[in-house]
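Step one of this worksheet: look at the structure below.
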Amino acid sequence: MKALKRINYSEDVDILTIQLGDKKVDDSYETDNMIVSVAKDGEPVLLEIFNGSRFLKDLGKVIPQKLQREVWKSAKSSISVSHKIK
24 MKALKRINYS EDVDILTIQL GDKKVDDSYE TDNMIVSVAK DGEPVLLEIF
74 NGSRFLKDLG KVIPQKLQRE VWKSAKSSIS VSHKIK
């Protein structure tokens with residue numbers, strides 16, 4: 024599994040930002056729920072997820088606890104939370 028570079032949640036705008044790599048962003052694509060920024064080779068570099076608190080709550084319901092612990096363990100040193108998620 025590729026390690027996450029950085030995770031940030033901003034409560035004031037309810038956006039979860041996940042940095043997946045260090046490559047320069049070449050283009051971005053917006054959907055109803057997120058913006059995906061990609062490098063020139065098409066590799067995703069950054070995810071900006073709208074309604075981040077709902078996304079995290081829903082994710083917690085469908086991802087097994089063991090996998091959640093592994094993901095947070097691998098990303099723990101790079102997580103930055105602007106505000107606590109309720």
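Throughout the sequence shown, residue numbering follows this note's numbering, covering 24 to 109 in sequence.
We put the CB at the ideal spot given by N, CA and C, even for glycine.
Problem set entry | Gly83 classed as buried or exposed, judged by whether at least 16 other C-beta atoms fall within 10 angstroms | exposed
For this session: Spell out whether any CB of chain B is found under 9 Å from the CB atom of Leu39.
Result: Chain labels in this structure do not include chain B; a single protein chain is all it has.
For this session: Identify whether Ile41 lies in helix, strand or coil by the three-state DSSP scheme.
Result: strand
Problem set entry | Inter-residue Cα distance where the pair is Ile86 and Ile30 | 18 Å
For this session: Determine the DSSP secondary structure at Asp55, reduced to helix, strand or coil.
Result: coil
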